[in-house]
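Student:
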Ligand SMILES: Cc1cc2nc3c(=O)[nH]c(=O)nc-3n(C[C@H](O)[C@H](O)[C@H](O)COP(=O)(O)OP(=O)(O)OC[C@H]3O[C@@H](n4cnc5c(N)ncnc54)[C@H](O)[C@@H]3O)c2cc1C
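Numbering (mature numbering (1 follows the signal peptide of the UniProt record, and there is no 0)), first residue to last: -20 to -1, 1 to 472.
1) With distances taken between CB atoms, is the gap from residue 129 to residue 143 smaller than 8 Å?
2) Short check: CB of residue 105 to CB of residue 53, under 8 Å?
3) Give the single residue among 11, 308 and 102 whose Cα lies nearest to the Cα of residue 42.
4) Given this structure, state the Cα-to-Cα distance separating residue 184 from residue 446, to the nearest angstrom.
5) Any chance you could list the alpha helix (DSSP H) runs of at least 4 consecutive residues sitting entirely within the stretch 94 to 143, in chain order?
6) If you measure between the beta carbons of residue 273 and residue 343, is that distance less than 8 Å?
7) Out of 337, 354, 436 and 362, which one is the CA nearest neighbour of residue 147?
8) Spell out a yes or no on whether the stretch 423 to 435 and the stretch 339 to 357 are touching, meaning 3 or more CB-CB pairs, one atom from each, closer than 8 Å.
9) Any chance the CB of residue 150 is under 7 Å from a heavy atom of ligand 1?
10) Take every Cβ of the stretch 447 to 465, pair it with every Cβ of the stretch 202 to 218, and state whether three or more of those distances are shorter than 8 Å.
11) Taking just the CA atoms, how far does residue 17 sit from residue -7?
12) Just checking residue 81 against ligand 1 - is the residue's beta carbon closer than 7 Å to any of the ligand's heavy atoms?
13) I need the boundaries of the alpha helix (DSSP H) containing residue 262, first residue and last residue.
14) The beta strand (DSSP E) that contains residue 238, what's its start and end?
15) Looking at C-alpha atoms only, which residue of 421, 286, 8 and 256 is the closest neighbour of residue 473?
16) Rounded to the nearest angstrom, how far is the Cβ of residue 240 from that of residue 314, given a contact under 8 Å?
17) Does the stretch 364 to 373 come close enough to the stretch 409 to 424 to have 3 or more Cβ pairs within less than 8 Å?
18) Residue 235 and residue 288 look like a contact to me (Cβ under 8 Å); what is the Cβ gap, rounded to whole Å?
19) Using 7 Å as the cut-off, classify the Cβ of residue 430 as near or not near the heavy atoms of ligand 1, replying yes or no.
20) Is it the case that the stretch 81 to 88 contacts the stretch 30 to 48, given that we only count it when at least three CB pairs across the two stretches are under 8 Å?
21) Taking the straight line between their C-alpha atoms, what separation do you get for residue 270 and residue 385?
22) Give a yes or no on whether the C-beta atoms belonging to residue 11 and residue 97 are separated by under 8 Å.
23) Does the Cβ of residue 57 lie closer than 7 Å to at least one heavy atom of ligand 1?
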């Protein structure tokens, strides 16, 4: 960062940086001294360019896409390899500094906020795709590789990685939050698609959760540590490599849009399509508020009513069968305006509109911020929870759009609000808590894919109960006894 400066200027900037770090840690003189004391050692590991105390950089790394308040770390480091991550972690451990891993910052539950200050490990410089085994359908990537980067790398191979949270998130960040998205109904979530992880623990030691270089399609060997770290949201270690399952690019794809007169009819169709054994690749629900916003934002003209976006993958023959069965089912539930798209351009336009739902919702109230919360319930409870949630939105005087991965019983409520309006913020908070409790009362979970982060810690206690929280806390204590890894997240 300072490499182009003269020696005098360099000194001045470094002094200013140290002052800045004193400012940010002024509430905690012990940590300020620890940060000051460790900076030159950080620089000797990852170079001057690899350490930043700049206010803007710290702020960028202290917030994600949620409405949680920005909590900047004291310093941001940019390691280039696992050895550097390990050496930096050892220093943090010696000086008892919190460590917060950072992927691309697209999280929705405040996971990257440095609630206790400390050192943000931004992993974007570790962006190598390391081991591709096309014949075994797997690949290993570093934490700076995003899902779009991996899929463009794979383009010529006939393979792809289907887990798709919409945002171009880092694959290790996706492992850390157990992300899923539109393709999960067919291909599973990160939990089903991560085969091995390389993790640097808080004391700097490096482990491979399934054993070094192991990549079997299945294993019954001991505790499933891979799935302990998937979804651990940076609270157990820094993921520095992930080995992922890949899939063959489907021979053919067909997309469709279908409108319904009620939420019940759309969800009934979904359940019946799944019961009929149609291997549907995507089945997404948009309520009338959401489709209206998408129409306006993406220049579409779908009927303003509960809508399903669907996608089918397979051979020409199997697609015909899938499409016929689905059309029969949707028609028997009163579905109308069924529109098919086989060509890539129309399909891409449709799914781009779905992925732009967040921006479409935002565009309905310019100058406002969006807050997305997600819950997941057993499929049969979906119509009831969506209907009750829509009533609650009206009673709470909130602008809310419902959009969901309906094939998994998972949906999001995107609320658009004025962040300077304290009363509206309060109503959003109360509404989100009620929505999560409604999902719990219907045997569901307070989050199907966004994670717990800061916002859902007490809801997690309600969901799993005190004895499970005790086991989770014991695991955390065993792996990170000094509570250095992303403190203040998941567990209260
Ligand atoms: C428009 C939009 C739509 C979205 N839709 C979906 C969706 O459909 N499904 C879904 O699942 N999510 C969705 N998300 C949320 C988000 O994309 C995911 O949570 C994603 O997995 C976060 O990855 P990231 O790299 O941005 O992580 P970050 O935001 O950087 O970090 C998230 C958490 O993971 C930890 N972390 C990050 N990298 C590592 C690492 N290498 N090692 C250890 N811990 C790490 C962080 O400390 C933090 O706690 C959406 C987000 C946006 C903005």
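From the three backbone atoms N, C-alpha and C, an ideal C-beta is built for every residue, glycine too.
Keep in mind it's a predicted model, so treat the numbers as computed, not measured.
Tutor: Taking the geometry as given:
1) no
2) no
3) 102
4) 31 Å
5) 127 to 134
6) yes
7) 337
8) yes
9) yes
10) yes
11) A caution first: residue -7 carries a pLDDT of 41, below 50, which makes its placement in the model unreliable, though a value can still be read off. Their Cα atoms are separated by approximately 13 Å.
12) yes
13) From DSSP, residue 262 is part of no alpha helix (DSSP H) but of the beta strand (DSSP E) over 262 to 266.
14) 232 to 239
15) Residue 473 is absent from the structure shown; the chain starts at -20 and stops at 472.
16) 6 Å
17) yes
18) Not really, about 11 Å apart at Cβ, beyond 8 Å.
19) yes
20) yes
21) 14 Å
22) yes
23) no
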